[in-house]
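If you're matching them up, the sequences are chains V and P in order.
Residue numbers are given in our numbering: position 484 of the first sequence equals residue 479, and the series is strictly consecutive.
Residue numbers are given in our numbering: position 40 of the second sequence equals residue 35, and the series is strictly consecutive.
Backbone N, C-alpha and C fix where the C-beta goes; we use that ideal spot for every residue, glycine too.
2 protein chains.
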Amino acid sequence: MGERIPHWLDKQASLNPQRTAIETSDGRNISFSELREKSRRMAGELMKNGVKQDDHIALIASNSTLYTVFIHAVSYVGAVAVLLNTRLTAAEITYQLTDAHVSHLFSDDHHVPVAAESVTEMNLEVHRLEHLKMEKGVPHELQTDLDLDDVYTMMYTSGTTGNPKAVMHTYGNHWHSAVASALNLGTGEKDKWLNCLPLFHVGGFSILMKSVVYGMPVMLFEKFDACKVHEAVMEKGVTHVSVVTVMLQRLIEMLDDGTYPDDFRCMLLGGGPVPEVLLEKASVKGIPVFQTYGMTETSSQIATLSPEFAFSKLGSAGKALSSAHLYIDCNERGEVGEIIVRGPMVSKGYYNREKRENAYLRTGDLGFEDEDGFLFVVDRVKDVIISGGENIYPAEVESVLSSMPGVREAGVAGRPDEHWGEVPAAYIVTEDGSSLTDEEVLNWCRKRLAKYKCPKEVHWIDELPRNASNKLLRRDLSSCLKQGGDE
Amino acid sequence: MGERIPHWLDKQASLNPQRTAIETSDGRNISFSELREKSRRMAGELMKNGVKQDDHIALIASNSTLYTVFIHAVSYVGAVAVLLNTRLTAAEITYQLTDAHVSHLFSDDHHVPVAAESVTEMNLEVHRLEHLKMEKGVPHELQTDLDLDDVYTMMYTSGTTGNPKAVMHTYGNHWHSAVASALNLGTGEKDKWLNCLPLFHVGGFSILMKSVVYGMPVMLFEKFDACKVHEAVMEKGVTHVSVVTVMLQRLIEMLDDGTYPDDFRCMLLGGGPVPEVLLEKASVKGIPVFQTYGMTETSSQIATLSPEFAFSKLGSAGKALSSAHLYIDCNERGEVGEIIVRGPMVSKGYYNREKRENAYLRTGDLGFEDEDGFLFVVDRVKDVIISGGENIYPAEVESVLSSMPGVREAGVAGRPDEHWGEVPAAYIVTEDGSSLTDEEVLNWCRKRLAKYKCPKEVHWIDELPRNASNKLLRRDLSSCLKQGGDE
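Structural data, given as structure tokens:
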């Protein structure tokens, strides 16, 4: 048994009963006291539907207040929430429900068809989230404490190869993640964090955890909408937004010649390597971008570039947060190697898989530390292109491509080559009205990259393949061509 | 083994190398990077002097940068710091050195005489803090991690009866205390906390912990000096000060008709019951006083009145911090009962004494929660005067006495009475030039207190007996008389 703390929502409802917990994009506010009441009622409903302590219960739903209520209801029951990606096919859902030993499946109305299809051959029914009667009167068996060692959530990682695996997060993982972020960014009474990331990914989920650990309002969006997010930042007192690269790009475009309000403190940027040109644009416009490094296994960011170095170390993901260690598996500082992390926010392992032997997590990401100890994430180990014995990091080539006028975004992946083993291929989405040629792109690269790093072919596509959290899926780049590319 | 985190000073030296860690009252600054270097050098020196991991090493010294360096050096060695009260007699020191199984005693120059006297019959020598050579070159065996379950410090509680006991604090107790305070008060880049409390008490020590957990500058004073503290708040960017009642009183007097700068955020008031008249004066002057409740066993405050309620709940110590539970041992809300606490900042027990059976600490303090769940501390269980079967809380009577014009401060204690068992006696320190009479004081009380609560006698004394952390020692009130009172 681990350290126990009072249930965090009980605590906020006691400390800050009237403070807004959740503000929706259509302007409805729910206080911590109301959120607690709703969550406890839903907990009662879950129990009436047969959910017991330690049960694994799955949810497939879009972001909503009800999603938040469900999340907290699960903790009042002491069950484990298996949060399903809404983009999954029925077959993928079936796999995860089986793998995670799920006892109950909940779905919002919109996802009932796929949910129903997923359980056709299983002994599971689909409970509709909106149909749960939230009646007055709460059973007495609800949890009043949280044991930091208890598992709270499971989220499947996309996994570049093999079947997806369920990352287990304890209450302690989420709590320590929120605390480490607070110690890094500071917290204040004016803070209001906008979430437009899916709650079934840790980037979005962690914002709900920050809300309940800090007693902070969260403005919860169903999904990213550049206009609405821009408006919220400009006019609605939002101080923090978590984004991935493509979102930042759209927000910068929205800003035109303006600047964000003075109270805006932090654009937390995650989700993988970022083209430097984008960071420069943000810097020019005075947007306080905090580049981060993290993954599902680290319960959100584990390294962040601190305010003082936001511009002098452009492109770095900073240093490991206060309770975390970060090492590079290399012989001497400056060398690229696999990133290894450790800390109380790092998941202890995957459900139903072999246990990790020690506290150190090999991330599968490559990076290096500069002379001042700042982390630069280079690429995924598995995305590295090995060409004639040389390592080519797709992110580096993409960064060069993205900086070219007329290029909206770019992806780079290896393709087999008889002579070199592999060679890099470029996949480009152009700005509207742009009429770039292969030759122009190749010339741009030749001036800026060593010869072996230059793409050997250029493909023009409509859209980069991304997963539900908007991460670039390089392994799917070549299949874009068949679905309507240039060839 | 508990959760492990990177050594907090290494971490701050990495994250914020140039940021000021310690600023002394004479304006000398030491950065986190310098503090780390000095602390590691001193760790090396301690080891050369024979200090090993898990050794109990005692320090008797006044507040200084060197004290801070020593504290961190101990953590690099992995030893346990036994922090001695500088007001102790040699015999009291001998008792604590023996009881705590101390292997090494360190002293600053000023305290060498009493330290030397304390070890005359022991097999211990006195190491002079200032004589430790802080040579370059650091041994390799220094701790790089802190195990949150390891004991870090021992501080003796004064104890109202019996021998003093050493409260053991783990790294986790101190870390959780600092984090809980951060989540309560918020943290920001401008924060600078002034410490004028002795470092051998948890109130002062905890500020050093906040410094190294948050990466926050601390302005460290050797002792409380009203003029200097006032000046620092007015002119040197201090945002937080921790005080006890008597200090707050003097600071309010210094303020005259002025107000504190806008950036001043928090006057953290601890050390026991506070006369309401003082809180009202602070309120009138716009001083953001945060009344707290805590003790050595809770590693500093465990309850604090949050900003929103600072004035509407005047006199309350607020609610338990986010990771802490607080209960009143009573039948229904509103009743006075013993305060019981639980949480990761609560010490697991006393060194060399019977272990506590569970996680709940009975504090020996009396209090009640109002209808909104706010804690009001009433008094020490042991100070309660039982008169004719009625409970009289000295703090209540003192509060009435303190509000009387001409009274500077007041103490109340029981004295034996044949008829009633005990009756309250008042001990009063007057303002300069005041010429109050017994009868005036008794009349003042009769108008404001039930008859049984009114003091049966009034004594005029020069000074209230206080311990090294300025807490009123009611059990010593009667002995003040013999040492120069009015009788």
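For a test of the three-state rule: what should DSSP assign to R36/P, helix, strand or coil?
Here residue 36/P is taken as the residue at index 41 of the second sequence, counted from 1. If DSSP states are grouped into helix, strand and coil, R36/P belongs with the helices.
Run of the beta strand (DSSP E) containing Q286/P, from where it starts to where it stops
Here the question's residue 286/P lines up with position 291 in the second sequence. Q286/P -> beta strand (DSSP E) spans 284 to 290.
How would you label N44/V, buried or exposed, when you count the other beta carbons within 10 angstroms and need 16 or more for buried?
Start at 1 with the first residue of the first sequence, and residue 44/V comes out as number 49. Exposed, by the Cβ-count rule.
Flag this pair as yes or no: are the beta carbons of L472/V and P460/V separated by less than 8 Å?
Translated into the one-based positions of the first sequence, residue 472/V becomes position 477. Translated into the one-based positions of the first sequence, residue 460/V becomes position 465. Result yes, Cβ atoms of L472/V and P460/V sit closer than 8 Å.
Between which residues of its own chain and D433/V is the CB-CB distance below 7 Å, once the five residues before and five after are set aside?
In the first sequence, residue 433/V corresponds to position 438, counting from 1. Result list for D433/V: V453, in chain order.
What span of residues does the beta strand (DSSP E) with T165/V cover, start to end?
Taking the first sequence and counting its residues from 1, one reaches residue 165/V at position 170. That run of the beta strand (DSSP E) goes 160 to 165.
Taking DSSP's pairing of strands, which residues face H126/P in a bridge?
As a first step, residue 126/P must be located in the second sequence, where it is residue number 131. DSSP output for H126/P lists no bridge partner at all.
Of all the CB atoms in chain V, is at least one closer than 8 Å to the CB of D481/P?
As a first step, residue 481/P is located in the second sequence; it is residue number 486 there, counting from the start. Unreliable placement is indicated for D481/P, whose pLDDT of 49 sits below 50; the coordinate value is still reported in the next sentence. For D481/P, the answer is no, since every Cβ of chain V falls outside 8 Å of its Cβ.
Does the stretch 129 to 144 of chain V come within contact of the stretch 105 to 118 of chain V, defined as at least 3 CB pairs closer than 8 Å?
no
Per-residue burial, D427/P [other beta carbons within 10 Å of its own, 16 or more giving buried]
For the purposes of this step, residue 427/P is taken as residue 432 along the second sequence, with counting starting at 1. By the 10 Å Cβ count, D427/P comes out exposed.
Please classify M214/P as buried or exposed, where buried requires at least 16 neighbouring CB atoms within 10 angstroms.
Taking the first residue of the second sequence as 1, we reach residue 214/P at position 219. Looking at its Cβ environment, which holds 16 or more other Cβ atoms inside 10 Å, M214/P is buried.
Whole angstroms is fine: what's the gap from M399/P's alpha carbon to W439/P's?
Counting from one through the second sequence, the residue named residue 399/P turns up at place 404. Counting from one through the second sequence, the residue named residue 439/P turns up at place 444. Rounded to the nearest angstrom, the two C-alpha atoms are 7 Å apart.
How many Å lie between V436/V and Y422/V at the Cα?
Within the first sequence, numbered from 1, the residue matching residue 436/V stands at position 441. Within the first sequence, numbered from 1, the residue matching residue 422/V stands at position 427. Between V436/V and Y422/V, the C-alpha separation is close to 11 Å.
Three-state class that DSSP yields for W439/P in the structure shown:
Within the second sequence, the letter at position 444 stands for residue 439/P. In the structure shown, W439/P sits in a helix (DSSP, three-state: H, G or I).
Buried or exposed: where does A173/V fall if 16 or more other Cβ atoms within 10 Å of its Cβ makes it buried?
As a working mapping, residue 173/V is identified with position 178 in the first sequence. Buried: at least 16 other Cβ atoms inside 10 Å.
May I have the straight-line CA-CA distance separating L22/V from E184/V, to the nearest angstrom?
If you number the first sequence from 1, residue 22/V lands on position 27. If you number the first sequence from 1, residue 184/V lands on position 189. The sequence given here has Gly at residue 22/V, not Leu. Straight-line Cα distance between these residues: approximately 20 Å.
3-residue-minimum beta strand (DSSP E) runs that sit fully inside the stretch 374 to 423 of chain P, ordered along the chain
380 to 382, 385 to 387, 402 to 412
List the whole-angstrom C-beta distance separating A56/V from V77/V, where the pair is believed to meet the contact cut-off of C-beta under 8 Å.
Working through the first sequence from its first residue, we reach residue 56/V at position 61. Working through the first sequence from its first residue, we reach residue 77/V at position 82. Not a contact, Cβ separation roughly 12 Å.
One question on the structure: do P411/P and I380/P come within less than 8 Å of each other, judged by their Cβ atoms?
The residue labelled residue 411/P in the question sits at position 416 within the second sequence. The residue labelled residue 380/P in the question sits at position 385 within the second sequence. Not in contact: P411/P and I380/P (Cβ atoms no closer than 8 Å).
So is G416/P in contact with chain V if we call contact Cβ pairs under 8 Å?
Reading the second sequence from its first residue, position 421 is the one you call residue 416/P. Chain V, which has no Cβ nearer than 8 Å to the Cβ of G416/P, makes this no.
Identity of the residue in M150/P, I202/P, S278/P nearest Q244/P by Cα:
By 1-based counting over the second sequence, the position of residue 244/P is 249. The shortest C-alpha separation from Q244/P is found at S278/P.
What number of angstroms, rounded off, separates the C-alpha of N326/V from the C-alpha of T60/P?
Taking the first residue of the first sequence as position 1, residue 326/V is located at position 331. Taking the first residue of the second sequence as position 1, residue 60/P is located at position 65. Approximately 38 Å between the Cα atoms of the pair.
From the DSSP output, in three-state form, read off R469/P for me.
Taking the first residue of the second sequence as 1, we reach residue 469/P at position 474. Helix, per DSSP.
State the Cα-Cα distance for the pair Y209/V and G401/V, rounded to the nearest angstrom.
Numbered from 1 along the first sequence, position 214 holds the residue referred to as residue 209/V. Numbered from 1 along the first sequence, position 406 holds the residue referred to as residue 401/V. Using only the alpha carbons, I get a separation of about 43 Å.
Are the CB atoms of Y288/P and G383/P within a distance shorter than 8 Å?
On the second sequence, position 388 is the one that residue 383/P refers to. On the second sequence, position 293 is the one that residue 288/P refers to. Cβ atoms of G383/P and Y288/P: not closer than 8 Å.
Residue from A38/V, T152/V, L189/V, V146/V whose Cα sits closest to the Cα of E87/V:
Reading the first sequence from its first residue, position 92 is the one you call residue 87/V. When each option's Cα is compared against that of E87/V, the closest is T152/V.
Length of the line joining the Cα atoms of K276/V and D252/V:
For the purposes of this step, residue 276/V is taken as residue 281 along the first sequence, with counting starting at 1. For the purposes of this step, residue 252/V is taken as residue 257 along the first sequence, with counting starting at 1. Their backbone Cα atoms lie some 12 Å apart in a straight line.
G310/V versus V239/V: straight-line alpha-carbon distance, rounded
Locating residue 310/V in the first sequence gives position 315, where the first residue counts as 1. Locating residue 239/V in the first sequence gives position 244, where the first residue counts as 1. If you take the alpha carbons of G310/V and V239/V, they lie about 14 Å apart.
Within this structure, are the beta carbons of I483/V and A16/V separated by less than 8 Å?
Outside the modelled stretch of chain V, which goes from -4 to 482, sits residue 483/V, for which no answer is possible.
Would you mind stating whether E(-2)/P and P212/V have Cβ atoms separated by less than 8 Å?
Here residue -2/P corresponds to residue number 3 of the second sequence, with the count starting at 1. Here residue 212/V corresponds to residue number 217 of the first sequence, with the count starting at 1. Contact flag unset, no.
Please tell me whether G313/P and D324/P are closer than 8 Å, where the distance is taken between their beta carbons.
Position 318 of the second sequence, counted from the first residue, corresponds to residue 313/P. Position 329 of the second sequence, counted from the first residue, corresponds to residue 324/P. Not closer than 8 Å, so no.
Can you give the Cα-Cα distance for D392/P and E116/P, rounded to whole angstroms?
The count along the second sequence starts at 1 and reaches residue 392/P at position 397. The count along the second sequence starts at 1 and reaches residue 116/P at position 121. In the sequence as displayed, the identity of residue 392/P is Val instead of Asp. Using only the alpha carbons, I get a separation of about 46 Å.
Thinking C-alpha only, which one of G232/V, A227/V, Y255/V, V236/V is nearest K205/V?
For the purposes of this step, residue 205/V is identified with residue 210 of the first sequence, where counting begins at 1. If we check each option's Cα against that of K205/V, V236/V comes out closest.
Would DSSP call S26/P helix, strand or coil?
As a position in the second sequence, residue 26/P is number 31, starting the count at 1. It is a strand residue.
Excluding the 5 residues flanking P1/P on each side, which residues of the same chain have their C-beta closer than 8 Å to its C-beta?
Taking the first residue of the second sequence as position 1, residue 1/P is located at position 6. Closer than 8 Å at the Cβ level, and outside the excluded window around P1/P, lie T139, D140, L141.
Residues of chain P with CB under 9 Å from R314/V, in chain order?
In the first sequence, counting from the first residue as 1, residue 314/V sits at position 319. The question names Arg, but residue 314/V in the sequence shown is Lys. Within 9 Å Cβ-Cβ: K6, S9, L10.
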